[in-house]
Amino acid sequence: MARHARCSGEHILVKGFPYGKKLWDNVREIPNAARTVHPREFHTRGASINPANRFEALHFEEDPHDEVDEDSRPRKTIFYRDGSQSIIARNNSPDVGFETSVNPYRGCEHGCVYCYARPTHEYLGFSAGTDFESRIMVKLDAPKLLEAELSSRKWRPQVIAISGVTDPYQPIERKLEITRGCLQVLSRFRNPVGIITKNRLVTRDSDLLGELAEFSCAAVNVSVTSLIEELQRVLEPRTSPPHARLEAISKLREAGVPVGVMVAPVIPGLTDHEMPGILAACAKVGAQFAGYTIMRLPFAVAPLFERWLDEYFPERKAKVLSRIRSVRGGDRLSDPRWGTRIKGEGIFAEQIARLFQMSCRKVGIGPRPELSTQHFRRPREQLTLF
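In this note's numbering, each residue's number is its place in the sequence shown (first place is 1) plus 308.
Okay, structure coming up:
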């Protein structure tokens, strides 16, 4: 038995569009389009299945006597136009390092199996599994909406993070340039921005980031989980490989952009031993500051990651899950509490914290630079002066 979910919006066909041609000639409406989610495995993705949406009463349950044909073909990505009327998201979480963020997309084709943002896709009627990385909402109007919000007298200049629950440089950004459009707006207003990404595509925007950096209005965190490409390829299948992320750090530094590394997430029992090597490699190519987070597995992410361990590291599964639980209070795989959800708690969390601090000191990595709002301006106001 298959389950059904509901979604609405526009189905965007983007494959094969050349630059310079209107991208949306082939947009077609599919209001309230019902879709069937099959219980088969999907290949070339971070998540191999689509688990049930926790908000839906009807869902598929496997019967051991059922025969389900596996489809070895890669699952195609479908893009939907997001009709949001605002673009700046606000949060009051004291442990994330920012109060406002811009997410040009919802969902992420990078497909990191552990991504804590996967459950947000369930609010859209999708699954946190393969849907999260193959059913992407795109905010075509993001630059226009951002300009309107920054132009408002209600806007209080502050650092905007790009992004909070998606990667702004996932593959489709190369074609749509939504993130670049947002940076163009931020550059005109000289509003500070902090970026985090796993994709070397960020170097495409070195010109805009460099302009912002001249006014202490830009900083980039390149996220590096592992330097082992064989591991990265199955853990984060559509991200840039480790060597490309190191190259991105180098190129951003050459462009005068403050750049650091986020060792995120640290996976206890699997990647924690790599932290000194990651920090050393990143410092060597120009990383000036660093941070880290410890893995947490909220809601449907837990069974997805457990299945991933079964497939790739069955001999380490028990140890990895035990270590994750040990930094999450001893009896769970996730912890939503402020103050502990990012860095964890307990003896293993303390060991990771000390390892991070010692490694940073050893390679000369310093604190993250403070971004400035003192150069903020509203371009239209500037024009009225002449």
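Ideal Cβ placement from N, Cα and C applies to all residues, glycine included.
Query raised in the report: Just checking, does the stretch 380-399 make contact with the stretch 605-624 on the three C-beta pairs under 8 Å criterion?
Result: no
Query raised in the report: Apart from the five residues on each side of it in sequence, which residues of its chain come closer than 8 Å, Cβ to Cβ, to proline 549?
Result: Cβ-Cβ distances below 8 Å link proline 549 to Glu537, Gln540, Arg541 in the same chain, with the five nearest sequence neighbours on each side left out; the list follows chain order.
Requested in this report: Express the C-alpha separation of arginine 498 and lysine 651 in angstroms, rounding to a whole number.
Outcome: 32 Å
Query - CA-to-CA distance, serine 401 to glutamate 623, given in whole angstroms - result: Their Cα atoms are separated by approximately 37 Å.
**Report entry** Integer-rounded CB distance, given that alanine 527 should sit under 8 Å from proline 566
**Finding:** Yes, proline 566 and alanine 527 are in contact; Cβ-Cβ is about 4 Å, under 8 Å.
Query - DSSP beta-bridge partners of alanine 598 - result: Val569
Requested in this report: Pick helix, strand or coil for methionine 445, following the three-state DSSP scheme.
Outcome: strand
**Report entry** Of the residues Arg443, Phe406, Asp403, the one placed nearest isoleucine 386, counting alpha carbons only
**Finding:** Arg443
Query raised in the report: Exposed or buried, glutamate 417, counting other C-beta atoms within 10 Å across all chains shown (16 or more means buried)?
Result: buried
**Report entry** Spatial distance of isoleucine 468 from threonine 648 (CA atoms)
**Finding:** 23 Å
Query raised in the report: For isoleucine 386, does the three-state DSSP call read helix, strand or coil?
Result: strand
Query raised in the report: Tell me which same chain residues have a C-beta within less than 8 Å of the C-beta of proline 644, skipping the five on either side of it?
Result: Pro606
Report task. Taking valine 404 as the reference, give the member of Thr428, Gln682, Gln665, Met570 with the closest Cα. Result -> Out of Thr428, Gln682, Gln665, Met570, the CA that lies nearest to the CA of valine 404 is found in Met570.
Requested in this report: If I'm right that tyrosine 422 touches methionine 583 with Cβ under 8 Å, what's the distance once you round it to whole angstroms?
Outcome: In fact, because the Cβ distance is near 16 Å, the residues do not count as touching under 8 Å.
Report task. Could you please give the first and the last residue of the uninterrupted beta strand (DSSP E) stretch that includes proline 553? Result -> A quick correction: the sequence has arginine, not proline, at residue 553. First-last for arginine 553: 550-562, but that is the alpha helix (DSSP H), not the beta strand (DSSP E).
Report task. Using the Cα positions of glycine 354 and glutamine 682, report the straight-line distance between them to the nearest angstrom. Result -> 42 Å
Requested in this report: In angstroms with no decimal places, state the Cα-to-Cα distance between proline 576 and proline 687.
Outcome: Straight-line Cα distance between these residues: approximately 48 Å.
Query raised in the report: How many Å lie between alanine 591 and serine 558 at the Cα?
Result: 10 Å
Query raised in the report: Along the chain, where does the beta strand (DSSP E) that runs through serine 531 open and close?
Result: 526-531
Requested in this report: Check whether the Cβ atoms of tyrosine 600 and valine 635 lie closer than 8 Å to each other.
Outcome: no
Query raised in the report: Nearest to glutamate 481 by alpha carbon, out of Leu543, Asp580, Pro412?
Result: Pro412
Query raised in the report: Cβ of proline 268 within 8 Å of Cβ of serine 435?
Result: This structure cannot settle anything about residue 268, because the visible part of the chain is limited to 309 through 694.
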